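Visitor: The C-terminal position of the sequence shown is numbered 894 in UniProt numbering, with every residue numbered one higher than the one before it. Note that the Cβ used here is the ideal one computed from N, Cα and C, for glycine as well. The structure displayed is predicted, hence computed values, not measured ones. Provided herewith is a single structure, encoded as structure tokens, for subsequent inquiry.
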Amino acid sequence: MSSLSLPRVLQNRKTSLDQVREHFEKIQAASISKAINTLENPVKEKHARNAIIGTFQEKSAETFWRCVTKLPLQEHRIVAWKFCHVLHKVLREGHPNVLASSQRHKTLLHDLGKLWVHLKDGYGKLIQQYCQLLLTKLDFHRRNPGFPGNLVLSEEDLCRIGDNDVNNYFQMCVEMFDYIDEILGLQSAIFGSLDMSRSNSMTSHGQCRLAPLLPCILDSTQLYDLCVKILFKMHATLPPDLLSGHRKRFLRQFTILRQFYLGSSNLQYFKTLIQIPLLPENPPNFLVQAELSTYVTQAAIVLPDEDPSESSSMIGELVDLGIGNSVTSSETSQRSLSPDLLTQRDNMIQHLHGELNAHQSLIIQLKQQVSTLEMELAKKDSELTQERLIRDDLMHQVNSMDNFDELDKKYKLLEEKFNKLKEVYTKLREEHITLLRQKSDVDKQLLNMRTVEFNMGPQRIKFEEELIALQTTVDSTTRQNDELLMATELLKTEVSDAKQKLTDALLIKSDLELRLSESEELRFSTNALWFECCRKIIEHTCEMIDDPSMSSATCSPECVSLIKEKLVGTIGKGKDEVAGFAHYVAMYIVFGKAVSNTKSDLNDAQKLLDKCKQVGKDSVKLLTAWQTGIKIDECCKGLNNTLNDVESMASSTQANESLGDLVEDELSIMDRAIEEAAKRIQEMITESRAAHSGIKLEVNEQILDSCTSLMASIRVLVHKSRKLQAEIVANQGSNGSAKEFYKRNHQWTEGLISAAKSIGLGAKGLLDAANEAVSGEGKLERLIVASHCVAAGTAQLVVASRVKASRNSDNLAELSQASRNVTNATATVVATAKSCAQLVQQTEELDLGVLNEHQTKRLEIECQVRVLELESSLEKERMKLSSLRKLHYQEDQS
1 MSSLSLPRVL
11 QNRKTSLDQV
21 REHFEKIQAA
31 SISKAINTLE
41 NPVKEKHARN
51 AIIGTFQEKS
61 AETFWRCVTK
71 LPLQEHRIVA
81 WKFCHVLHKV
91 LREGHPNVLA
101 SSQRHKTLLH
111 DLGKLWVHLK
121 DGYGKLIQQY
131 CQLLLTKLDF
141 HRRNPGFPGN
151 LVLSEEDLCR
161 IGDNDVNNYF
171 QMCVEMFDYI
181 DEILGLQSAI
191 FGSLDMSRSN
201 SMTSHGQCRL
211 APLLPCILDS
221 TQLYDLCVKI
231 LFKMHATLPP
241 DLLSGHRKRF
251 LRQFTILRQF
261 YLGSSNLQYF
271 KTLIQIPLLP
281 ENPPNFLVQA
291 ELSTYVTQAA
301 IVLPDEDPSE
311 SSSMIGELVD
321 LGIGNSVTSS
331 ETSQRSLSPD
341 LLTQRDNMIQ
351 HLHGELNAHQ
361 SLIIQLKQQV
371 STLEMELAKK
381 DSELTQERLI
391 RDDLMHQVNS
401 MDNFDELDKK
411 YKLLEEKFNK
421 LKEVYTKLRE
431 EHITLLRQKS
441 DVDKQLLNMR
451 TVEFNMGPQR
461 IKFEEELIAL
471 QTTVDSTTRQ
481 NDELLMATEL
491 LKTEVSDAKQ
501 KLTDALLIKS
511 DLELRLSESE
521 ELRFSTNALW
531 FECCRKIIEH
541 TCEMIDDPSM
551 SSATCSPECV
561 SLIKEKLVGT
571 IGKGKDEVAG
581 FAHYVAMYIV
591 FGKAVSNTKS
601 DLNDAQKLLD
611 KCKQVGKDSV
621 KLLTAWQTGI
631 KIDECCKGLN
641 NTLNDVESMA
651 SSTQANESLG
661 DLVEDELSIM
671 DRAIEEAAKR
681 IQEMITESRA
691 AHSGIKLEVN
701 EQILDSCTSL
711 MASIRVLVHK
721 SRKLQAEIVA
731 NQGSNGSAKE
741 FYKRNHQWTE
751 GLISAAKSIG
761 LGAKGLLDAA
771 NEAVSGEGKL
781 ERLIVASHCV
791 AAGTAQLVVA
801 SRVKASRNSD
811 NLAELSQASR
821 NVTNATATVV
831 ATAKSCAQLV
841 QQTEELDLGV
851 LNEHQTKRLE
861 IECQVRVLEL
871 ESSLEKERMK
881 LSSLRKLHYQ
891 EDQS
């Protein structure tokens with residue numbers, strides 16, 4: 001019995017991985033069955049969350065679909081309705097592979113909706129509508145695999161998915177409209193199935209129907225935001241008539257969505273679960289590109305589990321802005337404030353709403369990412385702990401195999417004893433057979449002797465005595481033979497048991513060797529995963545240093561040298577320190593990027609940045625070498641050389657000692673140019689009054705007066721800019737002198753220098769244009785262009801000064817006012833030049849009354865020729881402009 005049962009038990013024994021898998025499937029089945037039950041109440045979030053977490057643990061939705069297909073989806077309408085709700089949440093929030101693994105189950109959704117549509121009560125139509133929405137979502141993600149399940153995309157991701165191709169955006173927008181139509185159809189069916197005269201949102205039956213609107217609101221807000229951004233992109237490159245169908249469809253959906261959000265936000269059930277955005281009264285005007293800058297991203301936010309009163313009071317404080325704490329005080333303030341201040345206040349409130357929504361959305365996303373990473377980390381820790389226990393158990397069992405040698409020795413001793421007893425038994429058996437033969441011979445002799453018994457009495461007695469002796473010997477031998485037989489059977493039993501124990505021990509040894517091999521493979525797989533994580537850390541760091549947000553980070557070359565020492569130490573320790581190695585490599589690359597930001601020479605900065613990226617590549621090669629055991633010394637040498645190059649390039653950073661002096665020089669040159677231009681304009685006014693009269697003098701005075709006003713406004717702006725720069729340097733604290741500040745912020749300083757140069761050149765250009773216009777050698781249009789150039793330079797100076805200034809600075813407010821004065825003065829120059837041009841043109845009109853018929857005809861012919869020439873030139877310029885626009889459009893598409 002034992003020889004048959006023990007191998008069967010060993011064969012049916014489950015490994016630890018099988019046990020973990022069985023436990024995982026049992027938990028998932030329990031959570032899914034609790035989430036999708038027959039009770040008419042909303043799905044509990046914790047059960048749905050367990051199903052979502054399960055998709056991350058197995059990186060697919062196989063277990064989820066295997067569990068839901070066992071549910072009575074076609075027998076019970078509440079089960080089918082809750083299944084659609086849970087599936088929607090899993091597709092939105094589950095592992096990215098869920099969307100791909102769920103594509104082959106679309107037939108189940110199609111058949112489910114086709115079945116329940118025939119049900120007469122409300123749930124039948126709702127289930128069919130929800131199945132159609134889920135099929136549309138799966139089709140959308142199949143055609144657009146770059147979109148995540150929750151549809152949250154950044155501006156960069158949207159450009160990457162659309163590839164900046166207007167054709168892709170056109171089709172993508174149509175698919176989003178289809179998606180929104182299905183959401184609007186489902187919400188209309190849900191609200192239409194409720195009796196709104198009753199408090200359905202506060203009953204379990206009503207909440208069961210309303211609960212799926214939560215993911216629908218989250219999807220629709222993201223789709224609406226993406227549609228707005230895509231439509232603005234398309235209107236910037238395509239004719240408006242081509243997009244009229246898109247605009248009509250958007251306007252229709254905008255009206256329904258606004259009513260949907262407004263009605264949902266009034267329900268008490270949603271107020272504690274989600275923050276629903278309220279769309280503006282008027283939709284965006286896509287024909288005006290300037291409205292894109294005022295557009296506020298709309299996003300619904302799932303509220304965390306907290307006290308609603310505290311949350312509402314907190315939001316109220318954020319939005320109130322000190323205007324009033326009650327409705328009465330708010331109305332009183334509105335009556336006392338001017339319309340401009342009210343408009344400004346409303347815009348500020350709307351902007352704060354958008355900022356609050358964006359920040360809360362970012363916080364929720366980060367919490368979800370942290371939760372996902374913590375679950376993955378806990379899972380990995382659990383797996384590693386389980387494998388350590390299994391490995392320790394295996395090593396303990398392997399150590400216990402030392403008893404196997406003792407069992408083998410015992411078996412050999414028993415076998416030797418058995419062989420000896422077998423030899424003795426064989427010998428005794430042969431002797432017993434010999435004695436039996438002798439007894440037979442004696443019996444025959446006795447029979448023959450009886451016939452002469454009378455004649456041989458004495459011999460008979462002798463033979464009888466011998467016979468008795470022989471019989472005694474035979475009996476003794478028989479008893480010994482029986483004892484030997486019993487001992488032999490006992491030894492056979494012991495030998496058989498010993499053989500069985502030996503066989504069992506061999507089977508156990510084989511199983512332990514197999515499990516030890518599996519443990520070694522798992523350890524190798526875990527090491528591979530660890531190396532892959534380190535490799536991704538380094539690659540992500542190399543990608544991160546190209547982010548524009550890293551351009552403001554700075555540090556000294558000494559930091560690079562310090563990190564290099566620690567990094568070289570981890571290289572010397574080999575693959576036992578891969579985690580520390582990856583950490584120090586990432587720090588080294590980031591500090592190298594920070595040092596490159598301090599270089600004034602952009603070429604040197606780019607070379608240092610490229611060398612930092614080469615550190616990342618060489619580090620990845622070394623990780624691969626450690627993992628494979630190939631070319632380790634070569635990769636170490638290459639990485640050390642690259643580290644030395646980075647340190648050398650970082651230490652050779654040119655100090656920007658001269659930037660402070662250069663700023664002051666350029667600002668001084670700009671001041672002199674402005675002063676000289678103003679002085680020269682005054683001289684030109686004096687010269688013009690002495691040399692001209694009448695219309696010519698009036699034109700010259702108007703032009704020069706407007707230029708004088710512009711130069712005065714520029715002079716005031718430059719003065720205000722200097723005051724603001726002095727304030728900026730003073731606010732730096734105890735970080736050194738102004739030169740140190742300019743050196744530390746060299747990119748900003750170079751912007752100031754560029755702006756100062758632009759203003760100086762613009763002032764000289766304006767002076768030349770005014771001189772030519774007054775002297776009659778130039779055109780007034782050049783004066784307009786020159787004034788615009790001066791305004792552009794001053795705008796650049798304002799922007800450069802505003803970057804480092806405090807928002808509450810009085811000097812910043814004065815600078816902004818001076819900038820507006822420059823803009824107004826520029827407009828005055830342009831208007832004066834145009835009016836003067838018209839005045840000059842009127843004085844040059846011919847007196848047709850003094851011309852005779854021949855002169856009139858000749859002038860008419862010349863005018864016709866001139867008109868044809870101008871029309872031909874105009875047509876050529878239009879064709880040239882069209883070619884330039886086509887070339888610009890093709891470059892944008894590429």
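Run through DSSP, which three-state label would Gln627 get?
Guide: helix
Visitor: Are the region 77-97 and the region 115-133 touching, with three or more C-beta to C-beta distances below 8 Å?
Guide: yes
Visitor: Buried or exposed: Val288, going by 16 or more other Cβ atoms within 10 Å of its Cβ?
Guide: exposed
Visitor: Quick one, are the C-beta atoms of Pro284 and Leu251 less than 7 Å apart?
Guide: At a Cβ-Cβ threshold of 7 Å, Pro284 and Leu251 do not count as neighbours.
Visitor: Drop a sphere of 10 angstroms on the beta-carbon of Ile714, count the other beta-carbons inside from all chains shown, and report buried for 16 or more, exposed for fewer.
Guide: buried
Visitor: Terminal residues of the continuous alpha helix (DSSP H) containing Gly122?
Guide: Gly122 to Arg143
Visitor: Go through its chain and collect everything with a Cβ distance to Pro212's Cβ below 6 Å, but skip five positions before and after it.
Guide: His85
Visitor: Between Thr297, Arg807, Ala770 and Leu752, which lies nearest to Gly793 when the distance is taken from Cα to Cα?
Guide: Minimum Cα distance to Gly793 is reached at Leu752.
Visitor: Can you name, in chain order, every residue of its own chain whose Cβ lies under 7 Å from the Cβ of Gly765, other than the five neighbours on each side?
Guide: Ala786 and Cys789
Visitor: Considering Ser193, what are the terminal residues of the alpha helix (DSSP H) in which it resides?
Guide: Val166 to Ser193
Visitor: Report all residues from its chain with a CB closer than 6 Å to the CB of Ala650; omit the five preceding and five following residues, and keep chain order.
Guide: Pro557, Val560 and Val595
Visitor: Do Ala553 and Leu717 have their beta-carbon atoms positioned less than 7 Å apart in this structure?
Guide: No; because the gap between Cβ atoms is not below 7 Å, this pair is not in contact.
Visitor: Return the first residue and the last residue of the alpha helix (DSSP H) that Met550 is part of.
Guide: Premise fails: Met550 is in no alpha helix (DSSP H) and is neither H nor E.
Visitor: Can you tell me whether Pro215 is buried or exposed? The criterion is at least 16 other CB atoms within 10 Å of its CB, across all chains shown.
Guide: buried
Visitor: Heavy atom of the ligand SAH less than 6 Å from the Cβ of Ile632, yes or no?
Guide: Ligands displayed in this structure: none; no statement on the ligand SAH is therefore possible.
Visitor: Which residues in the same chain as Pro277 place their Cβ atom closer than 7 Å to its Cβ, once the five residues preceding and following it in sequence are excluded?
Guide: Thr221, Tyr261, Gln298, Ala299, Ala300 and Asn357
Visitor: From the DSSP output, in three-state form, read off Gln275 for me.
Guide: strand
Visitor: Where do the ends of the alpha helix (DSSP H) carrying Arg160 lie?
Guide: Glu155 to Gly162
Visitor: What is the residue span of the alpha helix (DSSP H) that Gly572 lies within?
Guide: Pro557 to Lys573
Visitor: Three-state secondary structure (DSSP) at Tyr36?
Guide: With the sequence shown as reference, residue 36 is identified as Ile, and Tyr is not the correct amino acid for it. In the structure shown, the three-state DSSP call for Ile36 is coil.
Visitor: Take the Cβ of Pro145 as the centre, count every other Cβ of all protein chains shown within 10 Å, and call the residue buried at 16 or more, exposed below.
Guide: exposed
Visitor: Could you pull out every residue in the same chain whose Cβ sits closer than 8 Å to the Cβ of Arg249, ignoring the five residues on either side in sequence?
Guide: Phe177
Visitor: Answer with buried or exposed for Lys573, where buried requires no fewer than 16 other C-beta atoms within 10 angstroms of its C-beta.
Guide: exposed
Visitor: Check whether the Cβ atoms of Cys707 and Ile674 sit closer than 7 Å, and answer yes or no.
Guide: no
Visitor: Could you give the C-beta distance for Phe286 and His235, rounded to a whole number, given that I count them as a contact under 8 Å?
Guide: 4 Å
Visitor: Are Ser60 and Ser101 touching if we call contact CB-CB under 7 Å?
Guide: yes
Visitor: Do Ser721 and Ser668 have their CB atoms nearer than 7 Å?
Guide: no
Visitor: To the nearest angstrom, how far is the alpha carbon of Cys131 from that of Glu875?
Guide: 59 Å
Visitor: Buried or exposed, going by whether 16 or more other CB atoms sit within 10 Å of the CB of Asp225?
Guide: buried
Visitor: Out of Ile703, Lys631 and Ala756, which one is the CA nearest neighbour of Val829?
Guide: Measuring C-alpha to C-alpha distances from Val829 to each of Ile703, Lys631 and Ala756 identifies Ile703 as the nearest.
Visitor: To the nearest angstrom, how far is it from the Cα of Asp645 to the Cα of Gly629?
Guide: In a straight line, the C-alpha of Asp645 is about 26 Å away from that of Gly629.
Visitor: Would you check if the distance between the CB atom of Cys555 and the CB atom of Phe531 is smaller than 7 Å?
Guide: no
Visitor: Less than 7 Å separating the beta-carbons of Ile537 and Ala582?
Guide: Less than 7 Å separates the beta-carbon of Ile537 from that of Ala582.
Visitor: Ends of the alpha helix (DSSP H) at Glu45?
Guide: Residue range Glu45 to Glu58 is occupied by the alpha helix (DSSP H) that includes Glu45.
Visitor: Have a look at Leu135 and Val98 and give me their C-alpha separation to the nearest angstrom.
Guide: 14 Å
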